[in-house]
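In the numbering used here, the protein residues as written are 416 to 567.
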C-alpha cells in the first residue's frame, strides 16, 4: 500500500550533519528534501504527488525524477556556486504517484573546480534512476559571471 503523500514534506537537516550551502531556496515538494548530508554525499527523498502525474494511470513525469537527482548531485558537492555542466542518465523503471524515491549521490572525482557525482535512485530496492553528473564550481554565482569579457 502506498504511503499517503503530503504537499509540504518536512525537510529539516539534523544538526549532526553538514549544513546545506547550495540551492537553499529549491522547492522541496518538486525536487525532494535532504535526509542525510555529509562531505561528498547526499541522500534526497522525493515524495511523488498527484501534480507530478503524467497520465491517467499515475506515471510520474521524468522531469521530477531528474530534478531530484540533480538536487542530490548539487547537495553532494555542496558548494554555493555549483552548477550542472553535463549529465548522462538512465531512467531504469517507472515511478508511480505515491512512490517515495530515494536518491543517493556520491562525489566520485574532484579536479579543481570540476566535480563528478554519481546518483542512483531507488523505490524500495528497485533502482529506477542512475546518472553521472558533471558539475562546475564557479568563483561567483553563474548569473553574476561576466561571460562576455573574453569575447572581442
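In this text, a Cβ means the ideal position worked out from N, Cα and C, and glycines have one as well.
Because the structure is a prediction, the values reported are computed rather than measured.
With distance defined between alpha-carbon atoms, name the residue in the options nearest to residue i.
i           : options            : result
residue 452 : 538, 511, 523, 435 : 435
residue 472 : 509, 498, 551      : 509
residue 456 : 475, 432, 499, 521 : 521
residue 514 : 537, 438, 478, 450 : 537
residue 528 : 493, 535, 506      : 493
residue 433 : 441, 442, 454      : 454
residue 539 : 557, 511, 485      : 511
Terminal residues of the continuous beta strand (DSSP E) containing residue i?
i           : result
residue 538 : 529-538
residue 498 : 497-506
residue 550 : 541-552
residue 472 : First-last for residue 472: undefined, no H or E at that position.
residue 461 : 456-462
Mind checking which residues open and close the alpha helix (DSSP H) that includes residue i?
i           : result
residue 525 : Note, residue 525: premise wrong, no alpha helix (DSSP H); beta strand (DSSP E) at 515-526.
residue 601 : This structure cannot speak to residue 601, because the chain is shown only from 416 to 567.
residue 444 : 443-446
Using a Cβ-Cβ cut-off of 6 Å (strictly less than) and excluding sequence neighbours within five positions of residue i, which residues of its own chain qualify?
i           : result
residue 461 : 447, 483, 516
residue 546 : 484, 502, 504, 534
residue 541 : 508
Residue i and residue j look like a contact to me (Cβ under 8 Å); what is the Cβ gap, rounded to whole Å?
i           : j           : result
residue 544 : residue 502 : Not quite, the Cβ-Cβ distance comes to about 11 Å (not below 8 Å), so this is no contact.
residue 530 : residue 550 : 5 Å
residue 476 : residue 487 : Not quite, the Cβ-Cβ distance comes to about 18 Å (not below 8 Å), so this is no contact.
residue 459 : residue 518 : 4 Å
residue 557 : residue 498 : 5 Å
Go through its chain and collect everything with a Cβ distance to residue i's Cβ below 8 Å, but skip five positions before and after it.
i           : result
residue 490 : 435, 437, 438, 449, 452, 457, 459, 520
residue 506 : 477, 480, 543, 544
residue 467 : 445, 475, 476, 479, 512
residue 441 : 486
Within its chain, find whatever has a CB closer than 7 Å to the CB of residue i; leave out the 5 residues flanking it on each side and keep chain order.
i           : result
residue 525 : none
residue 523 : 531, 532, 533
residue 431 : In this prediction, residue 431 has a pLDDT of 48, which is less than 50 and means its spatial position is unreliable; nothing more can be read from the coordinates.
residue 555 : 496
residue 500 : 549, 550, 551
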